[in-house]
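Just so you know, we're using the working numbering here: the sequence shown kicks off at 1470 and counts up by one. Idealized CB from N, CA, C, for every residue including glycine.
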Amino acid sequence: MKLKPLADRVIIQPTAAEEVSMGGIIIPETAKEKPQRGTVLAVGQGTKDEEMILKEGDQVLYGKYAGTEIDLDGDKVLVMRQNEVLAVIC
């Protein structure tokens, strides 16, 4: 399935959370920290008031609770507005 975001929205593939060994302690998925970094998969056309600055392939940082998580062909992706993205990683 392909998605094309509308207006000033972007689709972001979150970077996989790093596995950390805690001396044999198993941390459940629900207790792991959500990643706040990802790759832009698709961008919308923008609006008359907001020009799209982000482009496909950009590495970005976003807020912990930003966007809406959806399932895209078995992968979790985020759909959010461009203004929810905090920074582009250079």
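| task | Within 10 angstroms of the Cβ of residue 1453, are there 16 or more other Cβ atoms? Answer buried if so, exposed if not. | result | What is shown of the chain runs 1470 to 1559, which leaves residue 1453 out entirely.
| Nearest-angstrom Cα separation, counted from residue 1555 out to residue 1532 | For the purposes of this step, residue 1532 is taken as residue 63 along the sequence shown, with counting starting at 1. For the purposes of this step, residue 1555 is taken as residue 86 along the sequence shown, with counting starting at 1. The straight-line gap from Cα to Cα measures roughly 7 angstroms.
| message | Suppose contacts are defined by Cβ-Cβ distances below 9 angstroms. Is residue 1510 in contact with residue 1482 by that definition? | response | For the purposes of this step, residue 1510 is taken as the residue at position 41 of the sequence shown. For the purposes of this step, residue 1482 is taken as the residue at position 13 of the sequence shown. The answer is yes: Cβ separation under 9 angstroms.
| Under 9 angstroms between C-beta atoms, does residue 1505 make it to chain D? | Although the question refers to chain D, the structure presented lacks it and comprises just one protein chain.
| said: What does the alpha-carbon distance come out to for the pair residue 1497 and residue 1544? | reply: The count along the sequence shown starts at 1 and reaches residue 1497 at position 28. The count along the sequence shown starts at 1 and reaches residue 1544 at position 75. Roughly 19 angstroms between the two C-alpha positions.
| Is residue 1553 helix, strand or coil by DSSP? | Here residue 1553 refers to the residue found at position 84 when the sequence shown is read from its first residue. Three-state result, residue 1553: helix.
| Looking at the unbroken beta strand (DSSP E) that takes in residue 1541, where does it start and where does it end? | Translated into positions along the sequence shown, residue 1541 becomes position 72. Taken as a continuous stretch (DSSP letters only), the beta strand (DSSP E) holding residue 1541 covers 1537–1541.
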